[in-house]
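These notes concern the structure reproduced below.
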Amino acid sequence: MASRAAAGARPGAKFAQFKLVLLEFAGVEICQGGKQSSEEEVTDQLDQDQFDDYRESTIGAAFLTQTISLDESTTVKFEIWDTAGQERYKSLAPMYYRNANCAVVVYDITQASSLDKAKSWVKELQRQANENIVIALAGNKLDLVTESPDKRAIQTADAEAYAREAGLLFFETSAKSATNVRELFTAIAKKLPLDQAGPRNLRTAPRPGVDLRPEAPGTQGAGVCNC
Amino acid sequence: MDEIAPEYDVVVLGTGLTECVLSGVLSVKGNKVLHIDRNDHYGGEAASVNIETLFKKYGNVPAGEEPWKKYGRVNDWNIDLVPKLLMANGELTNILVSTDVTRYLEFKQIAGSYVQQGKGPKATVAKVPSDAGEALRSSLMGLFEKRRAKKFLEWVGEFKEEDPSTHLGLNVAGCTMKEVYDKFGLEDNTRDFVGHSMALFPSDEYVNKPGAAIETINRIRLYVNSMARYGKSPYIYPLYGLGELPQGFARLSAIYGGTYMLNTDVDEVLYDDNGKVSGIKATMKDRDDQAAPMKFETKTKKIIADPSYFPNKVKVTGYLLKAICILKHPIDKTDASDSLQLIIPQSQIGRKHDIYIAMVSSAHNVCPKGYYIAIVSTIAENDANHHLELEPGFERLGAIEEKFMGPPIPLYEPLESGEKDNVFISKSYDSTSHFETTTYDVRDMYQRAAGEELKVEGLREGQQLAQE
Numbered sequence: 001m002a003s004r005a006a007a008g009a010r011p012g013a014k015f016a017q018f019k020l021v022l023l024e025f026a027g028v029e030i031c032q033g034g035k036q037s038s039e040e041e042v043t044d045q046l047d048q049d050q051f052d053d054y055r056e057s058t059i060g061a062a063f064l065t066q067t068i069s070l071d072e073s074t075t076v077k078f079e080i081w082d083t084a085g086q087e088r089y090k091s092l093a094p095m096y097y098r099n100a101n102c103a104v105v106v107y108d109i110t111q112a113s114s115l116d117k118a119k120s121w122v123k124e125l126q127r128q129a130n131e132n133i134v135i136a137l138a139g140n141k142l143d144l145v146t147e148s149p150d151k152r153a154i155q156t157a158d159a160e161a162y163a164r165e166a167g168l169l170f171f172e173t174s175a176k177s178a179t180n181v182r183e184l185f186t187a188i189a190k191k192l193p194l195d196q197a198g199p200r201n202l203r204t205a206p207r208p209g210v211d212l213r214p215e216a217p218g219t220q221g222a223g224v225c226n227c
Numbered sequence: 228m229d230e231i232a233p234e235y236d237v238v239v240l241g242t243g244l245t246e247c248v249l250s251g252v253l254s255v256k257g258n259k260v261l262h263i264d265r266n267d268h269y270g271g272e273a274a275s276v277n278i279e280t281l282f283k284k285y286g287n288v289p290a291g292e293e294p295w296k297k298y299g300r301v302n303d304w305n306i307d308l309v310p311k312l313l314m315a316n317g318e319l320t321n322i323l324v325s326t327d328v329t330r331y332l333e334f335k336q337i338a339g340s341y342v343q344q345g346k347g348p349k350a351t352v353a354k355v356p357s358d359a360g361e362a363l364r365s366s367l368m369g370l371f372e373k374r375r376a377k378k379f380l381e382w383v384g385e386f387k388e389e390d391p392s393t394h395l396g397l398n399v400a401g402c403t404m405k406e407v408y409d410k411f412g413l414e415d416n417t418r419d420f421v422g423h424s425m426a427l428f429p430s431d432e433y434v435n436k437p438g439a440a441i442e443t444i445n446r447i448r449l450y451v452n453s454m455a456r457y458g459k460s461p462y463i464y465p466l467y468g469l470g471e472l473p474q475g476f477a478r479l480s481a482i483y484g485g486t487y488m489l490n491t492d493v494d495e496v497l498y499d500d501n502g503k504v505s506g507i508k509a510t511m512k513d514r515d516d517q518a519a520p521m522k523f524e525t526k527t528k529k530i531i532a533d534p535s536y537f538p539n540k541v542k543v544t545g546y547l548l549k550a551i552c553i554l555k556h557p558i559d560k561t562d563a564s565d566s567l568q569l570i571i572p573q574s575q576i577g578r579k580h581d582i583y584i585a586m587v588s589s590a591h592n593v594c595p596k597g598y599y600i601a602i603v604s605t606i607a608e609n610d611a612n613h614h615l616e617l618e619p620g621f622e623r624l625g626a627i628e629e630k631f632m633g634p635p636i637p638l639y640e641p642l643e644s645g646e647k648d649n650v651f652i653s654k655s656y657d658s659t660s661h662f663e664t665t666t667y668d669v670r671d672m673y674q675r676a677a678g679e680e681l682k683v684e685g686l687r688e689g690q691q692l693a694q695e
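Residue numbers (my numbering), protein chains in the order written: chain A, 1 to 227; chain B, 228 to 695.
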C-alpha cells in the first residue's frame with residue numbers, strides 16, 4: 001500500500017507493496033503458485049464443467065503474492081486477493097475492495113460471454129473501489145488459441161478497443177505457458193504511484209496499527225507495536 | 228446462476244459476528260457451509276453503516292431533505308450499530324490471531340479508558356488506573372485509599388486459584404466480592420471503579436453474589452493484562468469499524484469452501500418426522516431487481532442462526548438503550564483523546580445500570596477528519612423517558628451535532644439449547660462494552676452444534692484449503 005524502504009536495502013532502493021484484487025471469470029486461472037497446480041487445471045478445464053472446477057481453481061490463490069523488480073533499485077510486491085468464491089452470488093464484502101490499488105479482471109478468450117462478465121466486473125470496481133485504482137483486463141487461455149486458432153471466441157481487437165475506451169491496461173495471457181503474465185504485472189507496477197504512500201503500512205504514521213500476534217519470546221516488555 | 232448444492236452440513240442464517248466466527252471455524256473444520264443473510268450487506272446487527280444509511284435507519288430525515296450531505300462523502304463513514312471494543316488480551320483477539328483473520332484487518336488502540344465520579348456539574352472524569360503503580364497516582368482516591376487500592380491490585384496480580392496461600396484465608400470458591408473488598412477495607416468509590424470500570428460489571432449484582440469473587444478477579448486481570456499489552460487502554464479497534472470483523476470471518480469461511488448468499492430470504496425451515504431440521508426453502512433476490520429472484524431448496528443437518536430468524540424460539544431478557552451521537556470535538560476532560568471508553572457507574576448517578584460511552588473517530592477511519600462518533604448506552608430501567616435515562620451520558624458529550632436514538636432494543640436469547648431440533652440460536656449483543664460475552668456464546672454454540680469443545684489454537688494447521 002505504501003512505498004517504504006526495505007530493512008537493510010541499499011540506499012536509494014525502493015520497495016513498495018500494493019493490494020491487487022483478482023476477478024476471474026469462472027474457471028479462468030491466471031495466477032500460479034497456490035495450493036493447486038494451475039497448469040493442470042487449465043488443461044483439465046477443457047473437458048470439464050467449468051463451474052464444478054471453479055471453486056478449486058480460485059481457492060488456491062486465496063492469498064498470493066507476486067514480486068516484480070521494475071529495475072535494479074525498485075521492487076514492487078503485490079498482495080493478491082482473490083474473491084474466494086464470494087462473488088458467485090454477488091456477496092463480495094466491502095473489505096475485498098477496500099484500499100485495493102489495482103485489479104486484474106480476467107476473461108476467457110475462448111468463451112464469448114466471458115468478456116461481458118468482465119465488463120460488469122469493471123463497472124463494479126469503478127463503483128466500489130478507490131477512484132484511482134489501476135485496472136488491467138486480461139484475456140486468458142492464449143495457449144489454447146495458439147494451438148488451435150478456431151477456438152478463439154473473442155477477437156483481440158474487440159477487447160482492446162473496449163479496454164482503451166474504459167482506460168484499462170490490456171493483455172492476452174496464458175497462465176499455462178506464463179505468456180504475458182509477468183508483462184501484465186510489470187505494466188501495472190509501472191502505472192502505480194510508487195512514491196505515494198497509502199494509508200496502510202505507512203511507517204511515518206503517528207500511531208501505527210497494533211500487531212495482535214502474541215509477543216515473541218525474548219522480546220522485552222509489552223512493546224509489540226510494529227513501529 | 229449456478230445451482231445450489233443439494234445438501235449442506237450447516238446452514239447459517241445472519242452474518243453477525245457470532246454467526247461469521249462459527250461459519251469460519253466450521254468451514255475450516257471441513258463442514259460444508261451455506262451462509263445466508265436477508266440483508267444486502269454483511270454484519271446484521273453488528274454491521275457498520277454509512278451516514279446516509281444511518282439517517283434512513285433512524286428516520287431522522289424530513290421529507291425531501293438529504294441531511295447527510297453536509298457530512299461529506301457518505302462512504303467515508305463507517306458507523307457501528309453495536310457499541311463494543313475488543314479487549315487486547317481477550318478471547319476474540321485470540322480467535323482472530325489463531326484463525327489468521329488478522330491478515331485481512333488492521334487494528335489500532337483505543338486511546339483512553341475513563342470513569343466518572345460524581346454527577347452533574349461537579350462530576351469529575353479520571354483515567355482508570357491500569358495497575359497498582361497507577362493507582363498510587365490516581366486522582367480517583369485520597370492518599371490512604373490509594374495505598375489500600377495498590378495493595379488490592381497487587382494481590383489480584385498475585386492471586387492463584389489453585390494456591391490457597393494467596394487466598395488471604397478467604398474461601399475464594401464460595402465467598403462474595405464484598406468479603407474481598409472488606410478484607411482490604413476499600414471505600415465505596417474504589418469498589419465502584421474497580422467493579423465497573425475494571426471488572427466491567429454493568430450493575431452491582433456481582434457484589435453480593437456468592438462465588439463471584441473469582442470471576443471478578445479474573446475480569447480485573449483481563450483488564451490489567453489487556454492494558455499492559457499496548458499501553459494506552461485495554462482496548463483495540465479495527466480500522467473501518469467493527470463491521471470488518473464479520474467480513475473477515477466470512478472470508479475465512481469462503482476460502483475454506485463456504486458459500487455466501489446475501490439478499491436472500493428464508494421462506495421456510497423444513498423439519499423431519501422427529502422434529503429435527505432437515506432443510507430450508509429460500510429466495511435470493513436480485514440486487515438491482517433486474518433479474519428474477521432465484522428460489523431454491525436445500526437439505527441441511529443443522530442450522531445456526533441469529534435470533535431474528537426464529538422469533539418463536541427466543542425470549543427477551545432486557546432492553547438496551549442506545550444513542551449514536553456525532554460530535555465535532557473530543558470529550559471534555561479526556562485529554563482530547565481521539566477514542567475512548569468512559570463509564571459512568573450506576574451508583575454515581577442513582578441508577579442500577581452503568582452508562583457506557585464508546586467513542587471512535589477519524590483515527591480509526593470511521594468518519595472524516597474533525598468528527599467523532601460516540602455511542603451512549605445502558606440497560607433500560609423504565610418504560611418511558613429513555614432519553615432521560617441516557618442524559619448523564621449526553622451531558623458528558625457536550626454539543627451534539629446529530630443524535631440517532633431508536634426505540635429500546637430487545638435483547639434475545641434462545642429458549643432451548645437446540646439439541647431437540649438442531650437449530651442453534653445465538654444471543655443478541657449485550658450491553659457489555661467488549662466482545663468477551665460474544666465469544667462465550669460462540670464457544671457455547673460451537674459446543675452445542677458440533678458436540679465438541681472449540682479449540683482455535685492451531686486450527687488452520689494441517690487443514691486443506693479446497694474441499695469440494
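Quick reminder that beta carbons are idealized off the backbone N, C-alpha and C, glycines included.
Original post:
Considering only the beta carbon of each residue, do B/S460 and B/G339 sit closer than 8 angstroms?
Top reply: yes
**OP:** Could you pull out every residue in the same chain whose Cβ sits closer than 7 angstroms to the Cβ of B/Y487, ignoring the five residues on either side in sequence?
**Re:** H262, A477 and A481
**OP:** From the DSSP output, read off the bridge partner residues of B/Y546.
**Re:** B/P637
**OP:** Pull up the CB-CB distance for B/I644 and B/R675, whole angstroms please, since I reckon it's below 8 angstroms.
**Re:** The residue asked about is misnamed: residue 644 of chain B is Ser in this sequence, not Ile. Indeed, because the Cβ distance is near 5 angstroms, the residues count as touching under 8 angstroms.
Original post:
Applying the criterion that 16 or more other CB atoms from any shown protein chain within 10 Å of the CB defines a buried residue, is B/D516 buried or exposed?
Top reply: exposed
Subject >> Among B/I551, B/L569 and B/R578, the one whose alpha carbon lies nearest that of B/D559 >> reply: B/L569
**OP:** Please compile the residues from chain B whose C-beta is within a distance smaller than 7 angstroms of the C-beta of A/A161.
**Re:** Under a criterion of Cβ atoms nearer than 7 angstroms, no residue of chain B is adjacent to A/A161; the nearest Cβ is some 26 angstroms distant.
Original post:
Helix, strand or coil for B/G685 per DSSP?
Top reply: coil
Original post:
Using the rule of at least 16 other Cβ atoms within 10 Å of the residue's Cβ for burial, across every protein chain shown, is B/Q343 buried or exposed?
Top reply: buried
Subject >> Helix, strand or coil at A/E41 according to DSSP, with G and I counted as helix >> reply: Only weak support is given to the placement of A/E41: the predicted model assigns it a pLDDT of 36, under 50, and the value that follows is read from those uncertain coordinates. It is helical.
Subject >> Whole-angstrom distance between B/G620 and A/N226, CA atom to CA atom >> reply: Per-residue confidence for A/N226 stands at a pLDDT of 37, beneath the threshold of 50, marking its modelled position as unreliable; the derived number appears in the next sentence. So the two alpha carbons sit approximately 35 angstroms from each other.
**OP:** Note down, in chain order, each residue of its chain lying with its Cβ closer than 8 angstroms to the Cβ of A/Y107, except the 5 sequence neighbours on either side.
**Re:** F25, V28, S114, L115, K117, A118, L137, A138, G139, N140, I154 and A159
**OP:** Could you check which residue in B/A232, B/I231, B/G241 and B/V451 has the C-alpha nearest to that of B/S653?
**Re:** B/G241
Subject >> Buried versus exposed call for B/E318 [16 or more other C-beta atoms within 10 Å across all chains shown] >> reply: buried
Subject >> Beta-carbon neighbours of B/R514, restricted to chain A and to distances below 9 angstroms >> reply: Going along chain A in sequence order, the residues near B/R514 (Cβ under 9 angstroms) are K90.
Original post:
Can you find a CB in chain A that lies within less than 8 angstroms of the CB of B/T525?
Top reply: no
**OP:** Just tell me which of B/F420, B/V541, B/V399 and B/Y673 has its CA closest to the CA of B/P637.
**Re:** Of B/F420, B/V541, B/V399 and B/Y673, the residue nearest in Cα terms is B/V541.
Original post:
Distance, Cα to Cα, A/R164 vs A/L20?
Top reply: 21 angstroms
Original post:
Since B/I602 contacts B/C594 with CB under 8 angstroms, what's their CB separation in whole angstroms?
Top reply: Not quite, the Cβ-Cβ distance comes to about 13 angstroms (not below 8 angstroms), so this is no contact.
Original post:
In whole angstroms, what separates the C-alpha of B/T280 from that of B/V288?
Top reply: 11 angstroms
Original post:
The beta strand (DSSP E) with B/K522 in it runs from where to where?
Top reply: M521 to A532
**OP:** Determine, using beta-carbon pairs with one atom in the segment 423-442 of chain B and one in the segment 382-400 of chain B, whether at least three such pairs fall under 8 angstroms.
**Re:** yes
**OP:** Pull up the distance between the alpha-carbon of B/G299 and that of B/S566, whole angstroms please.
**Re:** 21 angstroms
Subject >> Other residues of its chain near B/G475: CB distance less than 7 angstroms, five sequence neighbours each side excluded >> reply: V328, Y331 and L332
Original post:
Just reading off the beta strand (DSSP E) that A/T156 is part of, what are its end residues?
Top reply: Careful: A/T156 lies outside any beta strand (DSSP E), inside the alpha helix (DSSP H) at T156 to A166.
**OP:** Counting only runs of 4+ residues fully inside the segment 247-312 of chain B, write out the alpha helix (DSSP H) ranges in chain order.
**Re:** 278-285
Original post:
In its own chain, which residues sit with a C-beta less than 6 angstroms from the C-beta of A/T186, not counting the 5 before and 5 after it?
Top reply: Closer than 6 angstroms at the Cβ level, and outside the excluded window around A/T186, lie I68.
Original post:
What do you get for A/A2, buried or exposed, if any count of 16 or more other CB atoms within 10 angstroms of its CB means buried?
Top reply: Confidence in A/A2 is poor, its pLDDT being 43 and thus under 50, which makes the residue's placement unreliable; the coordinate value appears in the next sentence. Buried, because 16 or more other Cβ atoms sit within 10 Å of the Cβ of A/A2.
Subject >> Beta carbon proximity, B/R418 to chain A, threshold 8 angstroms >> reply: no
**OP:** Excluding the 5 residues preceding and the 5 following B/L380 in the sequence, name in chain order all residues of the same chain whose CB lies nearer than 7 angstroms to its CB.
**Re:** D358, A359 and A362
Original post:
Using a Cβ-Cβ cut-off of 6 angstroms (strictly less than) and excluding sequence neighbours within five positions of B/V276, which residues of its own chain qualify?
Top reply: These residues qualify, in order along the chain: I306.
Subject >> Contacting residues, own chain, Cβ-Cβ under 8 angstroms from B/T527 (five flanking each side not counted) >> reply: E234, Y235, D236, V237, V238, L261, V504, S505, G506 and I507
Subject >> Supposed close pair B/R687, B/T326 - CB separation, criterion 8 angstroms >> reply: 7 angstroms
**OP:** For B/H591, name the three-state secondary structure that DSSP assigns.
**Re:** helix
Subject >> Contacts around B/D177, its chain only, beta-carbon distance under 8 angstroms, and the 5 residues preceding and following it disregarded >> reply: Because residue 177 of chain B is not part of the residues shown, which for chain B are 228 to 695, the question remains open.
Original post:
Cβ of B/R670 less than 8 angstroms from any chain A Cβ?
Top reply: No Cβ of chain A is located within less than 8 angstroms of the beta carbon of B/R670.
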